[in-house]
Amino acid sequence: MAISPVSSSTSVNKQIDSLGLDMQSLLQIILTQLTYQDPLKPVDNFEFVSQLAQFTSLEQARQMTDKIDNLLSVQSATQTVSLLGRNVDVQTDTALLTGVVKSVSFANSQPQLTIETESGSFLTNANISQIVSVR
């Protein structure tokens, strides 16, 4: 029976920065640089450590940006859900409608509201940007 290797569950090796390189590729570049350096002019230790620190800093900044984006998405979802049962004024292409938010759904990470208007009809797939006021 063959045993498959355990893959790394960390997202560090799988995530790609804005240059299109993941951390593993950056470390491979440094290793190649050390392998083919001129023996008479080796890379200064300070420069080498400085490069590693820059790569690490770049990776941490990218991870922090991803986490902030996720936090903003969760905050937006929470704020949208808080509209349930609230009276809102919604601007449509034709008129300004007043109604109660009955449900919230998410399509492509964007909130879509279903609003029951004062006349008893339902406005579906309303966007947050269409809401003029909340009461």
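For what it's worth, UniProt numbering labels the leading residue of the sequence shown as 1, then goes sequentially.
Backbone N, C-alpha and C define an ideal beta-carbon position, used for all residues, glycine too.
DSSP state of residue i, grouped into three classes?
{"i": "S103", "result": "strand"}
{"i": "S11", "result": "Bear in mind that the predicted position of S11 carries a pLDDT of just 44, short of 50, making it unreliable; the figure below should be weighed with that in mind. Coil, per DSSP."}
{"i": "L113", "result": "strand"}
{"i": "T98", "result": "strand"}
{"i": "S133", "result": "strand"}
Taking the Cβ atom as the reference point for each residue, do residue i and residue j lie within a distance shorter than 8 Å?
{"i": "residue 180", "j": "T98", "result": "Nothing about residue 180 can be reported from this structure: the residues present for the chain run from 1 to 135 only."}
{"i": "L83", "j": "V104", "result": "yes"}
{"i": "V90", "j": "A126", "result": "yes"}
{"i": "T92", "j": "Q54", "result": "no"}
{"i": "V100", "j": "I115", "result": "yes"}
{"i": "F106", "j": "A77", "result": "yes"}
How is the alpha helix (DSSP H) around residue i delimited, first residue to last?
{"i": "E47", "result": "45-81"}
Return the CA-CA distance between residue i and residue j, expressed in angstroms with no decimal places.
{"i": "D69", "j": "Q24", "result": "24 Å"}
{"i": "S121", "j": "P111", "result": "20 Å"}
{"i": "T32", "j": "L26", "result": "10 Å"}
{"i": "G85", "j": "N108", "result": "23 Å"}
{"i": "Y36", "j": "I30", "result": "10 Å"}
{"i": "V134", "j": "Q60", "result": "39 Å"}
{"i": "N87", "j": "V74", "result": "23 Å"}
{"i": "L96", "j": "T65", "result": "38 Å"}
Quick check on the DSSP output: the beta strand (DSSP E) that includes residue i runs from which residue to which?
{"i": "Q91", "result": "87-91"}
{"i": "T124", "result": "122-126"}
{"i": "S25", "result": "Unbroken run through S25 is the alpha helix (DSSP H), 23-35; no beta strand (DSSP E)."}
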